[in-house]
Amino acid sequence: MSGAHIVENTNNEKIEKPNIPNPTASTPPNNEELLKSITDLKDRLKKLDDKLEDLEPFIKISRFIGNLFGKSPNDTQENPKDAQKKEEALKKFQEENTKLNSKITGLSAEKDKLDKEKTDLTNKNKELTTEKENLTKEKTELTNKNAELQKQVKELEQSQ
Numbered sequence: 000m001s002g003a004h005i006v007e008n009t010n011n012e013k014i015e016k017p018n019i020p021n022p023t024a025s026t027p028p029n030n031e032e033l034l035k036s037i038t039d040l041k042d043r044l045k046k047l048d049d050k051l052e053d054l055e056p057f058i059k060i061s062r063f064i065g066n067l068f069g070k071s072p073n074d075t076q077e078n079p080k081d082a083q084k085k086e087e088a089l090k091k092f093q094e095e096n097t098k099l100n101s102k103i104t105g106l107s108a109e110k111d112k113l114d115k116e117k118t119d120l121t122n123k124n125k126e127l128t129t130e131k132e133n134l135t136k137e138k139t140e141l142t143n144k145n146a147e148l149q150k151q152v153k154e155l156e157q158s159q
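Okay, so the sequence shown: first residue is 0 according to numbering that gives the first Met the number 0, each after it adds one.
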């Protein structure tokens with residue numbers, strides 16, 4: 000291994016590189032070595048492009064989340080005024096949420112009360128409907144009985 004040395008690339012991968020003597024003005028550069036270096040660089044660039052493509056969805060999500068909170072992914076330090084505004088907005092939101100939850104609880108209790116009243120009224124309506132039907136039936140019977148009695152009265156009057 001005397002003719003090679005180990006180097007780390009940008010991905011912390013250790014690669015063995017041959018020792019290339021420093022070309023001087025008197026020796027022309029070796030075209031094969033240059034072509035090999037260019038090919039190697041192209042391969043590395045291709046790998047980096049592939050990795051960047053793999054990370055693209057995460058970058059988009061990160062930017063979306065950053066925009067959601069009003070902070071760009073390039074910001075490294077939060078402005079104290081922004082933090083205070085966010086905290087105030089959060090407190091205001093929590094207060095509004097508490098008020099709405101209280102209203103919901105009140106409305107829910109009122110709805111339960113109205114449901115009970117509706118059930119009571121429905122039951123009373125059924126009772127009254129039944130009573131009306133019974134009274135109608137009784138009226139019909141009494142009308143028939145009255146007609147029969149009237150008929151008997153006429154018969155008695157005619158027989159005398």
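Every residue, glycine too, gets a C-beta built ideally from N, C-alpha and C. In this text, all values refer to a predicted model and were calculated from it rather than measured experimentally.
Roughly how many whole angstroms lie between the Cα atoms of residue i and residue j?
{"i": "L40", "j": "E32", "result": "12 Å"}
{"i": "L127", "j": "T139", "result": "18 Å"}
{"i": "P72", "j": "T118", "result": "For P72, the predicted model reports a pLDDT of 47, less than 50, meaning its position is unreliable and no value from the coordinates is stated."}
{"i": "F63", "j": "E55", "result": "12 Å"}
{"i": "K50", "j": "A88", "result": "39 Å"}
{"i": "Q149", "j": "K136", "result": "20 Å"}
{"i": "S101", "j": "E86", "result": "22 Å"}
{"i": "E154", "j": "K125", "result": "43 Å"}
{"i": "A179", "j": "S158", "result": "This structure cannot settle anything about residue 179, because the visible part of the chain is limited to 0 through 159."}
{"i": "Q151", "j": "K144", "result": "10 Å"}
{"i": "K110", "j": "I58", "result": "48 Å"}
{"i": "N66", "j": "N78", "result": "15 Å"}
{"i": "L120", "j": "K112", "result": "12 Å"}
{"i": "E116", "j": "A108", "result": "12 Å"}
{"i": "K131", "j": "D114", "result": "25 Å"}
{"i": "S36", "j": "S61", "result": "36 Å"}
{"i": "I103", "j": "N96", "result": "10 Å"}
So is residue i in contact with chain B if we call contact Cβ pairs under 8 Å?
{"i": "K125", "result": "Annotation note: the requested chain B is absent from the structure, which comprises a single protein chain."}
Segments of 4+ residues assigned as alpha helix (DSSP H) that fall wholly inside the stretch 35-102: none
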